[in-house]
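Heads up: the structure comes next, in structure tokens.
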Amino acid sequence: MPKGLKSTPQSDGFRMPGEFEWHEGTWMLWPTRTDTWRLGAKPAQEAFAKVAKAISGFEPVTIGVTASQYEHVRSILPEEIRVVELSSNDAWMRDIGPIFIKNDYGEVRGINWGFNAWGGLSGGLYYPWDQDMQVKIKVLEIEWKDRYDCRHVILEGGSIVVDGEGTLITTEQCLLHPNRNPNLNKVEIERYLMEYLNVQKIIWLKHGLINDETDGHVDEIVAFIRPGVVAISWTDDPDDPQYPILHAAYEILSVIQDARGRQLEIHQIPIPQQILLTEEETRFIDRTYSSYQRDKGLQIAVTYVNFYICNGAVIIPAYGDANDCKALERITQLFPERKVLQVHTREIALGGGNIHCITQQQPAP
Numbered sequence: 037m038p039k040g041l042k043s044t045p046q047s048d049g050f051r052m053p054g055e056f057e058w059h060e061g062t063w064m065l066w067p068t069r070t071d072t073w074r075l076g077a078k079p080a081q082e083a084f085a086k087v088a089k090a091i092s093g094f095e096p097v098t099i100g101v102t103a104s105q106y107e108h109v110r111s112i113l114p115e116e117i118r119v120v121e122l123s124s125n126d127a128w129m130r131d132i133g134p135i136f137i138k139n140d141y142g143e144v145r146g147i148n149w150g151f152n153a154w155g156g157l158s159g160g161l162y163y164p165w166d167q168d169m170q171v172k173i174k175v176l177e178i179e180w181k182d183r184y185d186c187r188h189v190i191l192e193g194g195s196i197v198v199d200g201e202g203t204l205i206t207t208e209q210c211l212l213h214p215n216r217n218p219n220l221n222k223v224e225i226e227r228y229l230m231e232y233l234n235v236q237k238i239i240w241l242k243h244g245l246i247n248d249e250t251d252g253h254v255d256e257i258v259a260f261i262r263p264g265v266v267a268i269s270w271t272d273d274p275d276d277p278q279y280p281i282l283h284a285a286y287e288i289l290s291v292i293q294d295a296r297g298r299q300l301e302i303h304q305i306p307i308p309q310q311i312l313l314t315e316e317e318t319r320f321i322d323r324t325y326s327s328y329q330r331d332k333g334l335q336i337a338v339t340y341v342n343f344y345i346c347n348g349a350v351i352i353p354a355y356g357d358a359n360d361c362k363a364l365e366r367i368t369q370l371f372p373e374r375k376v377l378q379v380h381t382r383e384i385a386l387g388g389g390n391i392h393c394i395t396q397q398q399p400a401p
């Protein structure tokens with residue numbers, strides 16, 4: 037039986053691999069929450085299915101679904117996608133699911149971090165999140181993976197990116213937010229990141245994107261292409277509200293060294309026009325007191341670096357925006373050894389995230 041461990045990954049020689057390292061597979065969840073997703077979540081389900089199918093052409097995909105949706109999902113997805121019954125409150129596997137780690141011998145384990153729906157009762161996106169809190173341990177037991185218990189620390193997968201060689205990038209806005217870990221200071225949070233993800237260098241950006249309901253997740257701003265190389269969301273328009281955020285992030289990344297002493301190579305990926313929710317897109321969202329209010333005119337932060345790197349491919353968002361083609365061209369240039377596929381994901385963005393947010397990689401042993 038998989039077991040809980042009393043030690044730490046750092047002491048046991050385990051590290052969080054870079055997303056670009058080889059995967060055993062990808063985990064996702066099926067969207068059904070009608071106060072997040074419009075029209076009974078059917079448009080979002082169609083977009084999630086397209087992402088899953090794109091990834092499944094390159095590596096195994098598992099989707100967790102509620103019992104009531106199991107028969108439906110199993111019937112509409114190809115057989116190569118595994119469908120398992122797995123309850124959750126919503127479908128953001130990057131944040132709800134476990135972070136997998138491995139050692140130099142190829143052994144894979146997982147971490148059971150705390151989760152409070154991006155802020156708990158002080159700015160969280162919905163209540164309750166009781167089923168979400170069980171997803172990590174369920175996934176690890178399905179995969180027979182031992183786990184480290186760090187539930188006393190709130191950490192979402194989208195709040196960090198790593199290079200697999202000791203460097204982690206995050207934002208102060210998210211990890212130091214009082215609705216995450218109010219009893220921990222910056223030094224204490226760094227200690228947990230080092231002990232559980234086995235990183236030696238933490239690069240702190242100040243803020244995430246404006247109108248990011250997750251309080252500034254870093255995976256909307258920057259992604260590691262490979263060690264020493266990052267892609268950053270970008271705009272040259274000083275009137276764009278994201279301009280000061282992205283330029284400040286660039287200034288930090290351009291002068292700092294990573295854990296191996298390298299100067300980062302930074303590639304700019306233009307952002308699309310930020311999404312404004314239309315009346316049609318908000319009219320058929322269920323209204324509840326405990327959920328994030330998605331009203332007409334609400335601006336949603338969107339970028340292209342919220343992509344997902346899988347075995348031999350990169351799955352990137354499209355929005356029907358003028359910059360879709362430019363982003364595809366630039367990201368393709370950054371991954372000459374992989375096929376870059378673009379999936380139209382506006383429906384996912386309407387729920388507050390994108391491709392990276394709905395996926396979680398399981399590293400290969």
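So in our numbering, spot 310 of the sequence shown is number 346, and the numbers just go up one at a time.
Glycine included, each C-beta is placed from N, C-alpha and C at the ideal position.
query = Going by the C-beta, is G387 closer than 7 angstroms to any heavy atom of the ligand COA?
reply = Ligands in the displayed structure: none, and consequently the ligand COA is not present.
query = Terminal residues of the continuous alpha helix (DSSP H) containing R227?
reply = 222 to 233
ask   = Given T44, which residues of its chain have a CB within under 8 angstroms of its CB, disregarding the five upstream and five downstream residues?
value = Y184, E231, Y232
message = Is it buried or exposed, D331, if we count other Cβ atoms within 10 angstroms and call 16 or more buried?
response = exposed
query = Between V254 and G244, is the Cβ-Cβ spacing less than 8 angstroms?
reply = yes
C-beta atoms of E192 and D131 nearer than 8 angstroms = yes
inquiry  = What does the alpha-carbon distance come out to for the pair E107 and E121?
reply    = 10 angstroms
query = Where does the unbroken alpha helix (DSSP H) through D48 begin, and where does it stop?
reply = 45 to 48
ask   = For the alpha helix (DSSP H) that contains R183, what are its first and last residues?
value = Run containing R183: none in the alpha helix (DSSP H); it sits in the beta strand (DSSP E), 183 to 190.
request  = Could you please give the first and the last residue of the uninterrupted alpha helix (DSSP H) stretch that includes E107?
outcome  = 103 to 112
ask   = How is R262 classed by DSSP in three states: helix, strand or coil?
value = strand
ask   = Where C361 and I307 are concerned, what is the direct C-alpha to C-alpha distance, given to the nearest angstrom?
value = 12 angstroms
ask   = Relative to the alpha-carbon of I384, which residue among E317, T368, S327, L364 has its alpha-carbon at the smallest distance?
value = E317
ask   = Alpha carbon to alpha carbon, what distance is there between Q167 and S123?
value = 6 angstroms
ask   = Between F260, A127, Y162, which lies nearest to W63 when the distance is taken from Cα to Cα?
value = A127
message = Give me, in chain order, the residues of the same chain whose beta-carbon lies closer than 7 angstroms to that of E143; leave out the 5 immediate sequence neighbours on both sides.
response = P401
Reduced DSSP category for S18 - H, G, I as helix; E, B as strand; rest coil = Examination of residue 18 is not possible in this model, given that the chain is present from 37 through 401 alone.
message = Could you compute how far the alpha carbon of V266 sits from the alpha carbon of P280?
response = 19 angstroms
key: At least 3 beta-carbon pairs within less than 8 angstroms: the segment 387 to 398 vs the segment 45 to 65   = yes
request  = Jot down the residue ranges of each uninterrupted beta strand (DSSP E) in the segment 302 to 368, minimum 3 residues, whole runs only, in chain order.
outcome  = 344 to 346, 349 to 354
Beta carbon of I238 nearer than 8 angstroms to that of T206 = yes
ask   = What do you get for H188, buried or exposed, if any count of 16 or more other CB atoms within 10 angstroms of its CB means buried?
value = exposed
query = Are the Cβ atoms of Y328 and L161 separated by less than 8 angstroms?
reply = yes
key: Stretch pair the segment 361 to 371 + the segment 387 to 394: three plus CB contacts closer than 8 angstroms   = no
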